[in-house]
Amino acid sequence: MNSVHDMGGMQGFGPVRPEKDEPLFHAAWEARALAVTLAMGATGQWNIDLSRSARESLPPADYLNSSYYEIWLRGLTQLLLERGLVAPGELQSGQMQQAPAPVARVLRPDAVDAMLAAGTPADRAPAAPAQFAVGDRVRARNLHPAGHTRLPRYVRGHMGTVQRVHGAHIYPDRHVAQAQPPFDQRPEWLYTVVFDGPELWGPDADALLQVSVDAWEPYLEAERCA
Amino acid sequence: MRTPQHHPHHHPSAHDSTHEGSTLGTMEVRVRALESLLTQKGYIDPAALDRIIETYETQVGPHNGARVVAKAWVDPAFHAWLLRDATAAIASLGFTGRQGEHMVAVENTPLLHHMVVCTLCSCYPWPVLGLPPVWYKSAPYRAKAVMDPRGVLADFGVTLPPDTAIRVWDSTAEVRYMVLPLRPEGTAGMREDQLATLVTRDAMIGTGLPLTPDARGEPAQAAP
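Residue numbers (our numbering), protein chains in the order written: chain A, 319 to 544; chain B, 688 to 911.
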């Protein structure tokens with residue numbers, strides 16, 4: 319989706335403002351929002367791409383006007399409502415008014431360390447050989463899907479070079495196809511593709527700049543003979 | 688995105704519907720209501736939430752990444768392993784898991800400087816750097832890093848030689864990047880644990896450089 323979360327190369331946001339001695343959380347609720355989000359993620363009722371899709375589907379003005387953990391919370395609320403895990407009235411009152419829906423798992427304290435230490439690896443056995451190799455010239459396809467994608471706008475249509483092959487990873491655009499488990503985890507080959515600064519930003523760009531994205535094979539096409 | 692402002696903590700209950708606070712006060716109420724509701728439903732266990740928060744407050748942070756960098760500076764075999772298979776090399780120090788399942792380390796040289804960003808959201812190598820700072824997740828950084836990284840460095844007060852190339856890594860998949868910065872001058876006699884104190888979070892993102900022994904306040908070697 320071409321929305322405001324896809325920020326690479328936008329202008330007018332002003333300078334980056336690092337905060338000296340920044341605290342880990344700026345309010346107690348931010349810590350709880352992080353932990354609620356991780357714990358609900360552990361129930362297995364959605365996946366990381368569905369979470370990202372919910373956040374980037376917020377109305378653009380709301381996204382820009384919300385702090386980071388507000389965006390997380392709005393995304394989480396959307397995921398809960400969509401699946402009937404909570405009802406709107408319950409969110410208002412904080413009181414359960416209808417029976418819970420079944421969830422696959424509930425994260426208990428003694429399982430937290432193992433969950434965080436294991437993570438959720440995204441690599442899967444490939445179904446077919448890789449189409450590209452290190453050094454290949456490729457073009458990022460000019461795609462504008464209405465749903466979730468991880469191909470940033472600023473590289474679309476541009477020529478780059480494959481610099482690394484990461485194996486086959488779960489393909490985000492397909493990972494969001496099912497709202498509930500089982501999710502479609504069929505992988506695609508994943509590559510680091512590097513672009514020259516002037517290719518992306520024109521003749522006035524920093525000639526000593528290169529930018530890479532990690533791109534799945536369906537995002538790429540072989541260089542066409544001119 | 689809006690940057691959160693400091694605000695004194697207050698502790699309204701989930702039923703404090705008359706509370707007329709700032710946005711943060713409202714958020715405190717909303718999050719408490721949500722946590723309470725999800726707990727009543729049996730979806731979450733508040734003690735597990737406490738454990739998650741404790742982990743990121745006390746165990747996981749940039750001190751982990753600093754140990755990785757310092758070891759790479761003093762141990763050639765580990766250095767080679769880190770650049771070849773960062774996930775395994777970093778795991779050998781005990782740092783694994785969520786948001787670091789697939790790690791890549793990229794090494795600065797005098798002629799090449801690396802910078803890591805996530806233009807689409809906030810992807811960041813949690814096991815080695817902890818949770819990302821607000822600026823990393825903010826619109827200015829996500830917008831500017833891929834187009835004008837020298838301008839970003841200027842925002843951090845860092846100037847590179849004009850002939851140093853810049854390579855920006857946009858973390859668009861589940862691969863997470865950390866920068867292996869150049870070892871500072873004047874550190875020849877320092878032990879690994881001393882070197883780790885020079886390695887800043889920003890140096891491992893690529894928006895900063897390691898401290899020099901002088902900046903840290905302790906000379907590398909006894910003064911003559």
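Backbone N, C-alpha and C define an ideal beta-carbon position, used for all residues, glycine too. In this text the structure is predicted, and so the values were computed from the model without any measurement.
Check                                                                                                                              : Outcome
Sequence-distant residues of the same chain with beta carbon closer than 8 Å to residue 880 (chain B), five excluded per side      : 757
Residue 530 (chain A) (DSSP reduced to helix, strand or coil)                                                                      : strand
Reference residue 385 (chain A), options B:826, B:811, B:749, closest by Cα                                                        : B:826
Meets three-Cβ-pair contact criterion under 8 Å: the stretch 860-875 of chain B and the stretch 484-498 of chain A                 : yes
Residue 857 (chain B) beta carbon less than 8 Å from that of residue 808 (chain B)                                                 : no
For residue 446 (chain A) and residue 642 (chain B), the rounded distance between their alpha carbons                              : Because chain B is modelled from 688 through 911, residue 642 (chain B) falls outside the range shown and cannot be assessed.
Enclosing alpha helix (DSSP H) for residue 407 (chain A) [first to last residue]                                                   : 406-411
Touching by the beta-carbon criterion (3+ pairs, under 8 Å), the stretch 715-725 of chain B and the stretch 327-342 of chain A     : no
Cβ of residue 392 (chain A) within 8 Å of any chain B Cβ                                                                           : no
The alpha helix (DSSP H) enclosing residue 851 (chain B), as first and last residue numbers                                        : Here residue 851 (chain B) belongs to no alpha helix (DSSP H), and DSSP marks it neither H nor E.
Below-8 Å beta-carbon distance, residue 465 (chain A) vs any chain B residue                                                       : no
Counted within 10 angstroms of its Cβ, other Cβ atoms place residue 492 (chain A) as buried (16 or more) or exposed                : buried
Cutoff 8 Å: residue 475 (chain A) Cβ touching any chain C Cβ                                                                       : Judged by its chain identifiers, the structure shown contains no chain C, and its protein chains are A and B.
Beta-carbon proximity list for residue 349 (chain A), same chain, < 6 Å, skipping 5 on both sides                                  : 343
Min CB distance residue 900 (chain B) to chain A below 8 Å                                                                         : no
Alpha-carbon to alpha-carbon, residue 481 (chain A) and residue 708 (chain B)                                                      : Its pLDDT being 45, under 50, residue 708 (chain B) is placed unreliably by the model, and nothing is read from it.
Residue-chain proximity (residue 347 (chain A), chain B), Cβ-Cβ < 8 Å                                                              : yes
Counterpart residues of residue 507 (chain A) in DSSP-defined beta bridges                                                         : A:486
Nonlocal neighbours in the same chain, by C-beta distance under 8 Å from residue 443 (chain A), ignoring five residues either side : 486, 505
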